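Undergrad: Submitted below is the structure of interest, expressed as structure tokens.
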Amino acid sequence: MSHDAHTRAKESIVGGTSDAAEQRWLQKHLAACADCAALLDRAHAVRDALHSAPLTAHPAMVAAAQQRLLRHALELSERESRRWMLTASVAVATLFAWISVPLLWQLARWLGEMTPAPAATTIAAFVVVASTPALLAAAAALWLRGSQHAVEPERIRR
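58 is the number that the UniProt record's numbering gives to position 58 of the sequence shown; each next residue is one higher, with no gaps.
Here it is in structure tokens:
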């Protein structure tokens, strides 16, 4: 056997192979090469020994991991509640805008007809009043985003 064939076989044994042609070649090579077959047996023995060894951890380490897991779960639930609150505020703002904008437009038109104010003033007042719900929803979203980032430095300190 050539040196390259042994190297190729060792790489396939240690690294594993998913290619069917490579696996067939390795089986043929192992049938003809006792050294590589012994390497495969040793690799299987090491793998079996590693799988059979029990994993133990210090109780303090386990408790710390459990606390971190619970803290992370709490943070996720807080994020979910913030997300729900943001979704609800956007839905309310959208509903309010859908109902109020046509009414505000009628009111602005009526005020424009009743007062000597220029049309541009009436339209500007309409835009300000009509955009208020969207601005409030954006402010709520930014406030929620800011409070979410306030949790991050606290997590880094731990």
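Glycine included, C-beta positions come from ideal geometry on N, C-alpha and C. Just so you know, these numbers come straight off a predicted model, no measurement behind them.
Which residues mark the beginning and the end of the alpha helix (DSSP H) in which T87 is found?
TA: The residue you call residue 87 lines up with position 87 of the sequence shown. Element bounds for T87: 59-114.
Undergrad: Would you call the CB atoms of H29 and A45 closer than 7 Å?
TA: Locating residue 29 in the sequence shown gives position 29, counting from the first residue. Locating residue 45 in the sequence shown gives position 45, counting from the first residue. Cβ atoms of H29 and A45: not closer than 7 Å.
Undergrad: What residue does the alpha helix (DSSP H) around L55 start on, and which one ends it?
TA: The count along the sequence shown starts at 1 and reaches residue 55 at position 55. Per DSSP, L55 belongs to no alpha helix (DSSP H) and is neither H nor E.
Undergrad: Would S12 be called buried (16 or more neighbouring beta carbons within 10 Å of its own) or exposed?
TA: The count along the sequence shown starts at 1 and reaches residue 12 at position 12. With 16 or more other Cβ atoms within 10 Å, it is buried.
Undergrad: Alpha carbon to alpha carbon, how far is A49 from V62? Give it in angstroms, no decimals.
TA: Along the sequence shown, one-based indexing puts residue 62 at 62. Along the sequence shown, one-based indexing puts residue 49 at 49. Approximately 24 Å, taken between the alpha carbons.
Undergrad: Tell me the rounded alpha-carbon separation between A125 and L74.
TA: The residue given as residue 125 occupies position 125 in the sequence shown. The residue given as residue 74 occupies position 74 in the sequence shown. About 45 Å.
Undergrad: Please go through the same chain and pick out, in chain order, the residues whose beta-carbon is closer than 7 Å to the beta-carbon of residue 175, but skip the five residues on each side of it.
TA: Nothing can be reported for residue 175: it is not among the residues displayed for the chain, which extend from 1 to 158.
Undergrad: Out of L111, V129, D35, R83, point me to the one whose CA is closest to A140's CA.
TA: Here residue 140 corresponds to residue number 140 of the sequence shown, with the count starting at 1. Closest by alpha carbon: R83.
Undergrad: DSSP three-state label for G16, please.
TA: For the purposes of this step, residue 16 is taken as the residue at position 16 of the sequence shown. Of the three classes helix, strand and coil, the one that applies to G16 here is coil, per DSSP.
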